[in-house]
Amino acid sequence: NYLGFPVRNPAFPDSPILVRHLLSHTSSLWDGPGYEQALSSPIPLQEMLGDPRNYLHAAPGEAFRYCNLAAGMAGSVMECAGGRSIAAIMRELVFEPLSMNAAYTLLDLPDPRLAADIYRVLPRYGRHPVFSAEERLKTADDLQNPDPEYHYRPAAGNLFTDAPSLGRLVGALASGGGPVLKWETLQKMQTPVKPYGKGAPYANHCLGLVMIDDPSFPAGRLYGHQGFAYGAAEGVFY
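If you read the sequence shown in this note's numbering, its first letter stands for residue 276, the second for the next number, and so on.
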């Protein structure tokens, strides 16, 4: 309905892939060989979604499989629905209302020279960064115009921000969502969809958020998100 072309797992052609499947990582997509290639040599989204290698043998909604491609697709859907770039949409609806110093491209930051390098810690990579902030600034895109065929790449894991800004975002979620989300929306985002499985028995994925319900935590149930891309280890929970 949004992207302008059918999106179907070829093994389950009668089962539509929904936005809630993208947000809960139950879309039946996975970061297959095509996605890894797209990180260095861009591939149009329609071509990616037409490659049967990028799908699990499971109907949409059935199985949990964390997928950066699916998360990025949500950004492409936002661009199609809003007629603007993911950078502009998020700036208007989230970053500015929360006074966040945040952007999807280094070019939009007040001082991009403050961007940090990324160092691998899992396993330890050494003293050299996996990603150099200086090199990323040289190749940064402006992202001002919508381009859903290619913006699935920066929409997943390409947000640049700082700790105080991230704190304001988490504070908004922890206090009910305002001024960026309705309470009813936040409740949907905090509702578990699928468990992570044996590797993380206390974790469930909701709509864009992870819920950790570990009885040993004195704080009780936690919501947030973690990441281990490129060997970095990060997370924020409330």
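All residues carry an ideal CB built from backbone N, CA and C; glycine is no exception.
Because the structure is a prediction, the values reported are computed rather than measured.
Taking only three categories from DSSP, how would you classify residue i?
| i | result |
| --- | --- |
| Y505 | helix |
| A378 | strand |
| V352 | helix |
| L344 | helix |
| V396 | strand |
| F492 | coil |
| F370 | helix |
| E322 | helix |
| G336 | coil |
| R295 | helix |
| P254 | Missing from the structure shown is residue 254; the chain here goes from 276 to 513 and no further. |
| Y310 | helix |
Just the Cα atoms here: how many angstroms apart are residue i and residue j?
| i | j | result |
| --- | --- | --- |
| D422 | F492 | 43 Å |
| A313 | R402 | 27 Å |
| C355 | S450 | 30 Å |
| S440 | L434 | 12 Å |
| A377 | Y427 | 18 Å |
| E371 | N276 | 29 Å |
| N479 | V445 | 19 Å |
| M486 | A508 | 18 Å |
| D367 | Y498 | First, the amino acid is wrong: residue 367 is Glu here, not Asp. Near 24 Å, if we compare the C-alpha coordinates of Y498 and E367. |
| G279 | A345 | 17 Å |
| A391 | G502 | 16 Å |
| I361 | L382 | 14 Å |
| D386 | F287 | 48 Å |
| R283 | T301 | 13 Å |
| E337 | P291 | 12 Å |
| D488 | W305 | 26 Å |
| G452 | Q462 | 9 Å |
| E322 | P429 | 17 Å |
| H500 | V511 | 6 Å |
In terms of DSSP beta bridges, what is residue i paired with?
| i | result |
| --- | --- |
| N479 | P470 and M486 |
| F512 | G499 |
| L304 | Y330 |
| F287 | In the DSSP output, where bridge partners are listed per residue, F287 has none listed. |
| F280 | According to DSSP, which records beta bridges pairwise, F280 is partnered with nothing at all. |
| F406 | I393 |
| F435 | A378 |
Could you tell me whether any non-hydrogen atom of the ligand ADP is closer than 7 Å to the CB of residue i?
| i | result |
| --- | --- |
| S407 | This structure lacks the ligand ADP; in fact it carries no ligand of any kind. |
Return the Cβ separation of residue i and residue j in integer angstroms, given the expectation that the two are a contact with Cβ distance under 8 Å.
| i | j | result |
| --- | --- | --- |
| G432 | N329 | Not confirmed; about 17 Å, so no contact. |
| K469 | S299 | 6 Å |
| L297 | A349 | 5 Å |
| L482 | R295 | 6 Å |
| L448 | Y505 | Incorrect: roughly 25 Å between the Cβ atoms, too far for contact. |
Whole alpha helix (DSSP H) elements within the stretch 442-466, 4-residue minimum:
Within the stretch 442-466, the runs of alpha helix (DSSP H) that reach at least 4 residues and sit entirely inside it are, in chain order, 458-464.
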